[in-house]
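Heads up: the sequence shown begins at 2 in our numbering, then just goes up one per residue. Using N, Cα and C, we set each Cβ at its ideal position, and we do this for glycine too.
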Amino acid sequence: GSPFLLPGKICGLLNPKKNAKWENQACNQRLGYICKKGSFSSKPDITPKGRLQDGDLASIHNIAEYSFLMSQLGYSDDGTPVTFTKWQHRHPIYTNGLEDCVAMKGQDGYWAIDVCNKQLGYICKKKPSSESSEKETIEDPGCQKGWKRYGFHCYLVGSALLTFSEANKTCGQSKAYLATVESRNEQTFLISLTGLRSEKYFWIGLSNTEQRGSFRWTNGETPHFTHWNTAMPGKEQGCVVMGSGIAAGLWDVVSCEKTANYLCKQRAAGVPPPASPGQVPVATCAEGWDRASQADSCLKFFVREGNQKKSWFEAEEFCREIGGNLVTINTREDQILLWQLASDKGLNTQAFWIGLFLLNPDGGFAWIDGSPVIYENWEEGEPNNYEELEHCVMLNRVPQMHWNYLRCPHCDMFDRSPQMRWNDLRCEHLLNWICETKRGII
Numbered sequence: 002g003s004p005f006l007l008p009g010k011i012c013g014l015l016n017p018k019k020n021a022k023w024e025n026q027a028c029n030q031r032l033g034y035i036c037k038k039g040s041f042s043s044k045p046d047i048t049p050k051g052r053l054q055d056g057d058l059a060s061i062h063n064i065a066e067y068s069f070l071m072s073q074l075g076y077s078d079d080g081t082p083v084t085f086t087k088w089q090h091r092h093p094i095y096t097n098g099l100e101d102c103v104a105m106k107g108q109d110g111y112w113a114i115d116v117c118n119k120q121l122g123y124i125c126k127k128k129p130s131s132e133s134s135e136k137e138t139i140e141d142p143g144c145q146k147g148w149k150r151y152g153f154h155c156y157l158v159g160s161a162l163l164t165f166s167e168a169n170k171t172c173g174q175s176k177a178y179l180a181t182v183e184s185r186n187e188q189t190f191l192i193s194l195t196g197l198r199s200e201k202y203f204w205i206g207l208s209n210t211e212q213r214g215s216f217r218w219t220n221g222e223t224p225h226f227t228h229w230n231t232a233m234p235g236k237e238q239g240c241v242v243m244g245s246g247i248a249a250g251l252w253d254v255v256s257c258e259k260t261a262n263y264l265c266k267q268r269a270a271g272v273p274p275p276a277s278p279g280q281v282p283v284a285t286c287a288e289g290w291d292r293a294s295q296a297d298s299c300l301k302f303f304v305r306e307g308n309q310k311k312s313w314f315e316a317e318e319f320c321r322e323i324g325g326n327l328v329t330i331n332t333r334e335d336q337i338l339l340w341q342l343a344s345d346k347g348l349n350t351q352a353f354w355i356g357l358f359l360l361n362p363d364g365g366f367a368w369i370d371g372s373p374v375i376y377e378n379w380e381e382g383e384p385n386n387y388e389e390l391e392h393c394v395m396l397n398r399v400p401q402m403h404w405n406y407l408r409c410p411h412c413d414m415f416d417r418s419p420q421m422r423w424n425d426l427r428c429e430h431l432l433n434w435i436c437e438t439k440r441g442i443i
């Protein structure tokens, strides 16, 4: 049953009642402890290039350092103690006893052990030059004094606790706006600015005040990336803050009248505006596939009998092998389309895996294709993470479905919720599934 995928249970212990097997528990428990004193030992020579630059392979001591490294893209070679880890799920795990070094892997930068003689890229770290003054302020090119540059934009961490509207107005006075977050890398850069600050929250420019459940940036655009905290975004209207400390970078929906610090963003001076995308001919969907509500996607229901059904991970692997992912539901229109297709195909009594899952137990649900979670359609009382083991999501009918009103042009379909709802479930359950691909892939 371990490790337990629960928020806050991030420290390891040996349980003598269970043959000294390992468990992860809350770090504030008062328990006995075991000390270890290192002795001289040889280690693989894996740092010559870093040493030539008076540095070492990077050691990572907190969420801000981790996020900075992630935005710029082990073995704590500089001899400092390990005070922060970001392991992949079920790591560290030894398969042949030779994995003695650590690498950052994947777009999330989680850590995994590996053999030390494998050739990989590397990150060096060194102390700043003794000639630089602590009071010296480095101005990033194209940014105002005190602003930090990342990519084509400049960012400012606010200096006061304000409401959402006050913060937005304050950013506007500098010809900027409350920060939008458009990618995972931009998110990690912002965590590097705010993760260790004392303020609990920082406003970003996202809210659902215009329409419940529909999030928009202050410029009116729909988000293409989200990083929700556990149980977020929920069903309440409000504005979005980014957390710090143990919840560094996670997004919460709070009252817009709450006071918090804020993050401003503006395009760096001298950077040309983004070019308009050209018109690309749209391919058609292959035979047996249905056009999704998004113009460039196709989807297909896969129905099997008995043990031919698949677990969530098996279904996702199946979809990937044919060039797609488990289906993503970004809007109410997406949800209604799936409902209509299921009804037309006589599949309205079936349950299907969709691409929503709980990647990080300390965070919220995420779509497997990286799409933002900006729409939800949970069954009543869901998600409940029953026995703390339900980390994957299925699309399921609800009792007493009413299909006919969707075909009535005068019915109040947009005032009623689609009758196929979401439910979290153990990922090992065997279900049917729905794949989604870009047009022209198949």
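Under 8 Å by Cβ, that's how I've got L179 and L251 pegged, so tell me the actual separation to the nearest angstrom.
The residue you call residue 179 lines up with position 178 of the sequence shown. The residue you call residue 251 lines up with position 250 of the sequence shown. In fact, because the Cβ distance is near 17 Å, the residues do not count as touching under 8 Å.
Leaving out five residues before and five after Y111 in sequence, what residues of the same chain have Cβ atoms less than 6 Å from its Cβ?
Sequence index remark: in the sequence shown, residue 111 carries index 110 (1-based). Excluding residues within five positions, the ones whose Cβ falls inside 6 Å are K87 and Q89.
Just to confirm before moving on: does the CB-CB distance between G356 and L396 stay below 8 Å?
In the sequence shown, counting from the first residue as 1, residue 356 sits at position 355. In the sequence shown, counting from the first residue as 1, residue 396 sits at position 395. In this structure, L396 does not lie closer than 8 Å to G356 by Cβ.
So for D345, helix, strand or coil by DSSP?
Along the sequence shown, one-based indexing puts residue 345 at 344. In this structure, D345 counts as helix in the three-state DSSP scheme.
Name the residue from G365, P93, T171 and L14 whose alpha carbon lies nearest to the alpha carbon of M233.
On the sequence shown, residue 233 is found 232 positions in, with the first residue counted as 1. The candidate whose alpha carbon is nearest that of M233 is G365.
Assigned exposure category for L432 - 16 Cβ within 10 Å defines buried:
Reading the sequence shown from its first residue, position 431 is the one you call residue 432. By the neighbour-count rule (16 or more Cβ atoms within 10 Å), L432 is buried.
Counting pairs of Cβ atoms below 8 Å between the region 196 to 209 and the region 346 to 354, do you hit three or more?
Contact between the region 196 to 209 and the region 346 to 354 is absent, with fewer than three C-beta pairs closer than 8 Å.
In whole angstroms, give me the CA-to-CA distance for G152 and H228.
Residue mapping note: residue 152 aligns to position 151 of the sequence shown, counting from 1. Residue mapping note: residue 228 aligns to position 227 of the sequence shown, counting from 1. In this structure, the CA atom of G152 is about 20 Å from the CA atom of H228.
On the DSSP bridge list, what partners appear for V394?
As a position in the sequence shown, residue 394 is number 393, starting the count at 1. Paired residues: D425.
Backbone CA spacing between N385 and K128 [nearest angstrom]
Counting from one through the sequence shown, the residue named residue 385 turns up at place 384. Counting from one through the sequence shown, the residue named residue 128 turns up at place 127. So the alpha carbons of these two residues sit roughly 47 Å apart.
Candidates G147, I369, K259 and I247, of which the one nearest I11 by Cα:
As a first step, residue 11 must be located in the sequence shown, where it is residue number 10. Nearest option by C-alpha distance: I247.
Go ahead and pull the three-state DSSP assignment for N16.
Within the sequence shown, numbered from 1, the residue matching residue 16 stands at position 15. Here N16 sits in strand by DSSP.
Range covered by the alpha helix (DSSP H) that runs through W313
Within the sequence shown, the letter at position 312 stands for residue 313. W313 -> alpha helix (DSSP H) spans W313 to E322.
Simplified DSSP assignment, three categories, for G159:
As a working note, residue 159 is residue 158 in the sequence shown. In the structure shown, G159 sits in coil (DSSP, three-state: anything other than H, G, I, E or B).
Which one of G239, G271 and R440 has the shortest CA to CA distance from R292?
Start at 1 with the first residue of the sequence shown, and residue 292 comes out as number 291. It is R440 whose Cα lies nearest to the Cα of R292.
Apart from the five residues on each side of it in sequence, which residues of its chain come closer than 7 Å, Cβ to Cβ, to K176?
Residue numbering aside, residue 176 sits at position 175 when the sequence shown is read from its first letter. Closer than 7 Å at Cβ, skipping near neighbours: Q267.
If I follow the unbroken beta strand (DSSP E) through K149, where does it start and stop?
In the sequence shown, counting from the first residue as 1, residue 149 sits at position 148. Taken as a continuous stretch (DSSP letters only), the beta strand (DSSP E) holding K149 covers K149 to Y151.
Could you tell me which residues DSSP pairs with F358 in its beta bridges?
In the sequence shown, residue 358 corresponds to position 357, counting from 1. DSSP output for F358 lists A367 and C393 as bridge partner(s).
For a test of the three-state rule: what should DSSP assign to D413, helix, strand or coil?
One-based indexing of the sequence shown puts residue 413 at position 412. The predicted position of D413 is uncertain, since its pLDDT is 37 and thus under 50; a value taken from the coordinates is nonetheless stated next. Residue state, collapsed to three classes: coil.
Within 10 Å of its beta-carbon, does A270 have 16 or more other beta-carbons around it, so buried, or fewer, so exposed?
Locating residue 270 in the sequence shown gives position 269, counting from the first residue. Label assigned to A270: exposed.
How would you label D297, buried or exposed, when you count the other beta carbons within 10 angstroms and need 16 or more for buried?
Translated into positions along the sequence shown, residue 297 becomes position 296. Residue environment for D297: exposed (fewer than 16 other C-beta atoms within 10 angstroms of its C-beta).
Coil, strand or helix - E100 by DSSP:
Looking up residue 100 in the sequence shown gives position 99. DSSP places E100 in the strand class (E or B) of the three-state scheme.
For my contact list, G244 and K201 are in at a C-beta cut-off of 8 Å; report their separation, rounded to the angstrom.
In the sequence shown, the residue the question calls residue 244 occupies position 243. In the sequence shown, the residue the question calls residue 201 occupies position 200. About 7 Å separates the two Cβ atoms, so the contact holds.
I'd like the span of the beta strand (DSSP E) that includes F226, first residue to last.
For this step, residue 226 is matched to residue 225 along the sequence shown. Looking at the DSSP string, F226 is not in any beta strand (DSSP E), and its letter there is neither H nor E.
For T181, which residues in the same chain have their Cβ closer than 6 Å to its Cβ, ignoring the five residues on either side in sequence?
Position 180 of the sequence shown, counted from the start, is the residue given in the question as residue 181. G206 and W218.
N- and C-terminal bounds of the alpha helix (DSSP H) containing I192:
Here the question's residue 192 lines up with position 191 in the sequence shown. Unbroken alpha helix (DSSP H) run through I192: R185 to T195.
What is the residue span of the beta strand (DSSP E) that G143 lies within?
Here residue 143 refers to the residue found at position 142 when the sequence shown is read from its first residue. Looking at the DSSP string, G143 is not in any beta strand (DSSP E), and its letter there is neither H nor E.
Could you tell me the alpha carbon to alpha carbon distance between H411 and W423, rounded to whole angstroms?
As a working note, residue 411 is residue 410 in the sequence shown. As a working note, residue 423 is residue 422 in the sequence shown. Residue placement at H411 is flagged as unreliable, the pLDDT there being 38, under the threshold of 50; the coordinate-derived value follows with that caveat. Between H411 and W423, the C-alpha separation is close to 27 Å.
When burial is assigned at 16 or more other CB atoms within 10 Å of the CB, is R427 buried or exposed?
Within the sequence shown, the letter at position 426 stands for residue 427. R427 is exposed by the Cβ-count criterion.
Tell me whether N385 sits in a helix, a strand or coil according to DSSP, three-state version.
Counting from 1 along the sequence shown, the entry for residue 385 is found at position 384. Three-state DSSP puts N385 in coil, outside helix and strand.
Please state if the CB of V158 and the CB of G197 are separated by a distance shorter than 8 Å.
Along the sequence shown, one-based indexing puts residue 197 at 196. Along the sequence shown, one-based indexing puts residue 158 at 157. Position check: residue 197 holds Leu in this sequence, whereas Gly was assumed. Not in contact: L197 and V158 (Cβ atoms no closer than 8 Å).
What are the residues that DSSP puts in a beta bridge with I330?
Within the sequence shown, the letter at position 329 stands for residue 330. Answer by DSSP bridge pairing: none, since I330 is not bridged.
Within the same chain, show all residues whose beta-carbon is closer than 7 Å to that of L360, passing over the 5 residues directly before and after it, in chain order.
For the purposes of this step, residue 360 is taken as the residue at position 359 of the sequence shown. Listed in chain order, the non-local C-beta contacts of L360 below 7 Å within the same chain comprise A367, local neighbours out to five positions each way being set aside.
Member of I35, Y156 and W204 whose CA lies at the smallest distance from the CA of T260:
Residue mapping note: residue 260 aligns to position 259 of the sequence shown, counting from 1. Nearest neighbour of T260 by Cα position, chosen from I35, Y156 and W204, turns out to be W204.
Does the distance from the CB of C299 to the CB of W354 come in under 8 Å?
Here residue 299 refers to the residue found at position 298 when the sequence shown is read from its first residue. Here residue 354 refers to the residue found at position 353 when the sequence shown is read from its first residue. For C299 and W354, no; Cβs fall outside 8 Å.
Tell me which residues share the same chain as N378 and place their Cβ nearer than 6 Å to its Cβ, disregarding the 5 neighbours each side in the sequence.
As a working note, residue 378 is residue 377 in the sequence shown. Take N378, set aside five residues on each side of it, and the residues of its chain with a beta-carbon closer than 6 Å to its own are Q336, R422 and W423, in chain order.
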